[in-house]
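Enquirer: Residue numbers (the working numbering), protein chains in the order written: chain A, -6 to 159; chain B, -6 to 159.
Number of protein chains: 2
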Amino acid sequence: MSPKPTNKPTGRPTPTGDRQGVAEQLRLDNQLCFALYAASGLVTRAYRPLLEPLGLTYPQYLAMMALWEKAPRTVSDLGEALGLDSGTLTPLLKRMETAGLVTRARDRADERRVQVDLTDRGRHLQDQAAGVPSALACALDLPGEEIVALRASLQDLARKLRGTGK
Amino acid sequence: MSPKPTNKPTGRPTPTGDRQGVAEQLRLDNQLCFALYAASGLVTRAYRPLLEPLGLTYPQYLAMMALWEKAPRTVSDLGEALGLDSGTLTPLLKRMETAGLVTRARDRADERRVQVDLTDRGRHLQDQAAGVPSALACALDLPGEEIVALRASLQDLARKLRGTGK
DNA sequence: CACAATCATATTGCGCACAATTTAATTAGG
DNA sequence: CCTAATTAAATTGTGCGCAATATGATTGTG
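1. How would you write the range of the beta strand (DSSP E) that ARG20(B) sits in, first residue to last?
2. Give me, in chain order, the residues of the same chain whose beta-carbon lies closer than 7 angstroms to that of GLY72(B); leave out the 5 immediate sequence neighbours on both sides.
3. Any chance you could list the alpha helix (DSSP H) runs of at least 4 consecutive residues sitting entirely within the stretch 51 to 119 of chain A, in chain order?
4. Does the beta carbon of MET58(B) come closer than 7 angstroms to any beta carbon on chain A?
5. 7 angstroms is my cut-off, CB to CB: does GLY34(B) come that close to chain A?
6. Given this structure, state the Cα-to-Cα distance separating GLN199(A) from ARG155(A), to the nearest angstrom.
7. Can you tell me whether DSSP reads ASP134(B) as helix, strand or coil?
8. How would you label PRO126(B), buried or exposed, when you count the other beta carbons within 10 angstroms and need 16 or more for buried?
9. Taking the alpha-carbon positions, what's the THR50(B) to ARG144(B) distance?
10. Locate the alpha helix (DSSP H) running through PRO42(A), then write down its first and last residues.
11. Kindly say whether ASP70(A), judged by its beta-carbon, lies nearer than 7 angstroms to any beta-carbon of chain B.
12. Among ARG20(A), ALA16(A), CYS26(A), which residue has its Cα nearest to the Cα of LEU170(A)?
13. Would you verify that the beta carbon of VAL109(A) is, or is not, closer than 7 angstroms to some beta carbon of chain B?
14. Do the stretch 93 to 100 of chain A and the stretch 110 to 118 of chain A make contact, defined as three or more Cβ pairs closer than 8 angstroms?
15. Rounded to the nearest angstrom, what separates LYS87(B) and MET57(B) at their Cα positions?
16. Quick one: does ASP134(A) have its CB under 7 angstroms from some CB of chain B?
17. Which same chain residues, not among the five before or five after TRP61(A), have their C-beta less than 7 angstroms away from its C-beta?
18. Mind checking whether ALA32(A) and ALA39(B) have CB atoms under 7 angstroms apart?
19. Quick check on LEU143(B): does DSSP put it in helix, strand or coil?
20. Using the rule of at least 16 other Cβ atoms within 10 Å of the residue's Cβ for burial, across every protein chain shown, is GLN18(A) buried or exposed?
21. Mapping the DSSP letters down to three states, classify LEU49(B) as helix, strand or coil.
22. Looking only at its chain, what residues have a beta carbon closer than 8 angstroms to the beta carbon of ALA132(B), apart from the 5 residues adjacent to it on each side?
23. Here's the rule I'm using: 16 or more other beta-carbon atoms within 10 Å means buried, otherwise exposed. How should GLY48(B) be labelled?
24. Run through chain B and tell me which residues come within less than 7 angstroms of ARG144(A), C-beta to C-beta.
25. Report the residue from LEU44(B), PRO46(B), PRO136(B), LEU75(B) whose alpha carbon sits nearest the alpha carbon of ARG20(A).
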């Protein structure tokens, strides 16, 4: 009765002629994508002060985690783990090499590849980063179960999108 | 019991001596932050082909949604809605002005402010964007309830982070 | 073997994103 | 009033992120 459109996705199946419905569907606060974009940016911002003492940016921190899990590994292997291409990784890794955290060397067996490995300093940084996840979990102020559930939902979403995208 | 550390933030209060636990805590797949980062990037990528016909990048699309909701509005008002500062918005809005979607004009009443308004073309674009949210919802391949729940969780997270950050 | 196709990385160019600074306008205090 | 503090945008410099392209190595085929 009231003209208030409540954008429930279970409502009418996309009433394309409905101007009000379209406006409601395009509201920022109704977008999953914007909630994702905003939350991701805020979390990155929350990490910044924690990573500054380590001399890492947030993407560099992710790359270090990938390397702490497995090193040496090639640029493309790293790229697959992080969802990034060489256009992003090459300069990022060069900066980390300059910072003395990693080495980059052509693979003797296949000169097309570049093996990225940790330096002692890079390995050592893991100890200094040990407190970062819990410090952030604290800043999030969410019960552990909710964090686990949210992470699982996001990984589920990512898995579905990776399927269609590639 | 079993030595399997499950990185619940409710576990031991950061067992700093536990090397295995630290390595496990720093695994990429155990990070909420990385799940968020990866999902956000994948969703942005999923939007790209939908927005290309409109001549919009993803952040520009978000800005347009903010303007379809309310225009004219100042740069900082827009920035607050999107979580962006003038350093990001000024060049973005200039590009959208060049594209003929918005106008930017100093506020007569307070010459410090710049009022951003939609052009006819910018308003018209809303009709062409009408199908975008449902097209993406389809690509996500998630039940509507899950989308709503995930969005709510993310907005909750964002609200908590905004509190500490500002 | 030659040579086309493929593959891994690097490079270039553009558009965010943000910290730090600058510029100009408004407001507040004396 | 007149100056100091505050505010709003713009500017500058750095680091992602990605599309498009280039470079060089490897693989596949005749």
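Using N, Cα and C, we set each Cβ at its ideal position, and we do this for glycine too. Quick caveat: nothing in here was measured; it's all calculated off a predicted structure.
Expert: Taking the structure as given:
1. ARG20(B) -> no beta strand (DSSP E), and no H or E assigned at all.
2. ASP78, SER79, LEU82
3. 51 to 62, 68 to 75, 79 to 91
4. yes
5. yes
6. The requested residue 199(A) is not part of the displayed model; chain A covers only -6 to 159.
7. coil
8. buried
9. 22 angstroms
10. 25 to 44
11. no
12. There is simply no residue 170(A) to check, as chain A begins at -6 and stops at 159 in what is shown.
13. no
14. yes
15. 13 angstroms
16. yes
17. GLN119
18. no
19. helix
20. buried
21. coil
22. ALA39
23. exposed
24. LEU25, ALA28
25. LEU75(B)
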